[in-house]
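>
Protein chains: 2
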Amino acid sequence: MSKSFDDLLWQVNACEKKKLAVAVAQDKAVLEAVKAAKERNIADSILVGDADKIREIAASLSMNPDDYEIIDVKDITEASLTAVKLVHDGKADMYMKGLLDTKTFLKSVLDKEVGLRTGKPLSHVCVFEIPGIDRLLFLSDVAFMPYPTLEDKKCIIEYTVEIAKACGVECPKVAPLAAVEVVNPKMPVTVEAAELTRMNEEGEITGCIVDGPLSLDIALYKEAAEEKGALNRKVAGDADILVFPDIHAGNLVYKSIVHMVNCQNGNILTGTKAPVILTSRSDDCETKVNSIALAAVVAEELNKNK
Amino acid sequence: MSKSFDDLLWQVNACEKKKLAVAVAQDKAVLEAVKAAKERNIADSILVGDADKIREIAASLSMNPDDYEIIDVKDITEASLTAVKLVHDGKADMYMKGLLDTKTFLKSVLDKEVGLRTGKPLSHVCVFEIPGIDRLLFLSDVAFMPYPTLEDKKCIIEYTVEIAKACGVECPKVAPLAAVEVVNPKMPVTVEAAELTRMNEEGEITGCIVDGPLSLDIALYKEAAEEKGALNRKVAGDADILVFPDIHAGNLVYKSIVHMVNCQNGNILTGTKAPVILTSRSDDCETKVNSIALAAVVAEELNKNK
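In order, the protein sequence lines correspond to chains U and X.
Here the numbering used here is used: the first residue of the first sequence is 105, the next is one more, and so on.
Here the numbering used here is used: the first residue of the second sequence is 105, the next is one more, and so on.
1) Are the C-beta of X/Ile261 and some C-beta of chain U separated by less than 8 Å?
2) Per DSSP, X/Cys230 is paired with what?
3) Taking the alpha-carbon positions, what's the X/Ala118 to X/Asp111 distance?
4) Quickly, what does DSSP pair X/Arg221 with across the bridge? List them, please.
5) Are the beta-carbon atoms belonging to X/Val357 and U/Leu324 less than 8 Å from one another?
6) Give me whichever residues DSSP pairs with U/Tyr199 in a beta bridge.
7) Three or more C-beta pairs closer than 8 Å, one from the region 182–190 of chain U and one from the region 155–172 of chain U: is that the case here?
8) By DSSP's criteria, X/Val314 is part of a beta bridge. Which residues make up the other side?
9) What whole-angstrom Cβ distance do U/Ala397 and U/Asp197 have, given they're in contact under 8 Å?
10) Going by DSSP in three states, X/Gly153 sits in which element: helix, strand or coil?
11) Are the region 214–227 of chain U and the region 143–155 of chain U touching, with three or more C-beta to C-beta distances below 8 Å?
12) Indicate, with yes or no, if the ligand HEM has a heavy atom lying under 7 Å from the CB of X/Pro169.
13) What does U/Ile175 pair with, by DSSP beta-bridge criteria?
14) When the Cα atoms are used, what is the spatial distance from X/Ala328 to U/Ala282?
15) Taking only the alpha-carbon atoms, compute the straight-line gap between U/Val265 and X/Gly202 and give it to the nearest angstrom.
16) Does any CB atom of chain U fall closer than 8 Å to the CB of X/Ile361?
17) Under 7 Å between beta-carbons, which chain X residues line up against U/Ile304? List them in chain order, please.
18) Rounded to whole angstroms, what's the CA-CA distance from X/Leu346 to U/Leu320? Just pull it up for me.
19) Give the DSSP-derived three-state secondary structure of U/Ile260 in the structure shown.
20) In the DSSP output, what is X/Val347 paired with across the bridge?
21) For X/Ser319, decide whether its Cβ has a neighbour in chain U, counting only Cβ atoms nearer than 8 Å.
22) Would you mind telling me which residues of chain C sit closer than 7 Å to X/Ile351, beta carbon to beta carbon, in chain order?
23) Considering only residues of the same chain and omitting the five flanking positions on each side of U/Ile161, which have a CB-CB separation below 8 Å?
24) Would U/Thr294 and U/Val314 qualify as a contact pair, given that the criterion is a beta-carbon distance under 8 Å?
25) Considering U/Thr206, what are the terminal residues of the alpha helix (DSSP H) in which it resides?
26) Does DSSP classify U/Ala118 as helix, strand or coil?
27) Is it right to say X/Leu412 is buried, meaning 16 or more other beta carbons lie within 10 angstroms of its own, or is it exposed?
28) Taking 7 Å as the limit between beta carbons, can you name the residues of its chain near X/Leu406, skipping five residues before and five after?
29) At which residues does the alpha helix (DSSP H) containing U/Pro292 begin and terminate?
30) Measuring only the C-alpha atoms, how far is U/Ala297 from X/His352?
31) Taking just the CA atoms, how far does U/Lys157 sit from X/Val231?
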């Protein structure tokens, strides 16, 4: 079980080497991550985009051009469709965004012919390694679905459980979060959290233990759970997965942690046939590399189940 | 301007000594804070409750019994009404919760005859000192109002601006937060944030600069604002006040910071005629003392305006 990103790198190195297809790869920050992924034995890459520009940036980063397959497609939409098709056709294991806007990138992900759509909604999982917490934490959705319905939250849990399992967490503990740990009919979020718990108890959500509503302190910290008399909860200080009420709560917590805590993180899109990495321009190289490593273990799990 | 809780203590020490009325004071954690407040010259206290028990606990904490006025009222409801009346009558400056449930305590706060009601809704401000941020941050509402309406959010801003001003922030910068920094009609929170901004521009909310919606990183960090091309915003990396979409977002961020960041905080109830301290049992002594100091500067400001 990977309890840190270091563990995750070990886990990746024990797998067969994965291949990453990058859409519109002529981007310095993305190529830095691609280079680091190669050097750390996480993944090889196929770089789709403007070959001249890619070679120029690669040279400036002292990347060995022979280490990478480069496919010259100058048009941005076409480059993204070419790259995603590599994953669709099984020639690459995971798909990553380069120098193109998110809308065009997602269009390629959802393309009916060469894309990675499953028919289920897209969502997003953020994985954190936080000092004082002895395991990886999986947060969703902090970036993608604005106001998930109950049905969406069921998907969010299923997606995130899959990612956590790929990281070796056998039976993830899931905390649908709220401001309070008791159901209050005046707070719809708490009612939904209780409903997700019931769905888990009755076998509609499987492979995990769901217990909500939970406040963040009870979900994550044993002492807080003890102090508040909540040690009898199924999830009490040992949550692996945090499910947020909506994107505002999720994103504000995500940004608080990223900016205020000395942490590491990685991100992955969910609801797709193969792992998709949609990092933001503000993510540092470490975060991008962590995201590639995360995608690699998810790809390994998918290959196993094929 | 107080940029830290240390500054705030200096500010308090420069004021006339304030008096704190404690309801049902026979509580060790509360008396520890009362003792520390006395020793640090923040406030004297009038302890209302079971006098024998108060004296017993005080002795165990080596408190000098002559330092405190003790009023013997054994019945809990009566004790809270006696204590709040001291503030109502101007015999004390601020009111603090002891060993009683929040519901009974709030009943005394809202009592029509001897309470501190203003007719406006109650809310709550949490003040944080966070490493890497060169000023105090004022968060609201993270604990009290579940789903504030637009009108409630106007009150929340007015209350919080008052607290920030009492701490010496002349014209606080206010960020109504969301997951994104642009208005999106599909996200009501962003529409409300823009509406609060308009109300400020048109003079319906005064004494501060409001600019929303803002993401947390743009609100708090100059580099993030720069990276995202948001330096032209009225609030860009220099927010003093963070207004949350709802209690879930606020509380989850609050608990993330309290548990994951090496920070200090203090809290105060708002919407009352005089400062009310409603600390939680899980707050440590430092937090309680910070809250008393915060209440003292707010009381000073109220006295000035009388």
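All C-beta atoms, glycine included, are put in the ideal place defined by N, C-alpha and C.
Taking the structure as given:
1) no
2) X/Leu243 and X/Asn371
3) 11 Å
4) X/Thr376
5) no
6) U/Ala125 and U/Val380
7) no
8) X/Val278
9) The Cβ separation is near 13 Å, so there is no contact.
10) strand
11) no
12) This structure lacks the ligand HEM; in fact it carries no ligand of any kind.
13) U/Val152
14) 28 Å
15) 43 Å
16) yes
17) Note that residue 304 of chain U is Asn in the sequence shown here, rather than Ile. By Cβ distance, chain X contributes nothing, its closest Cβ being about 21 Å from U/Asn304, past 7 Å.
18) 19 Å
19) helix
20) X/Ser244 and X/Pro280
21) yes
22) Considering every chain present, this structure includes no chain C. Its protein chains are U and X.
23) Gln130, Asp131, Lys132 and Leu135
24) no
25) Thr206 to Val213
26) coil
27) Residue numbering for chain X in the displayed model covers 105 to 410; residue 412 of chain X lies beyond these limits and cannot be assessed.
28) Ala378
29) Pro292 to Glu305
30) 12 Å
31) 50 Å
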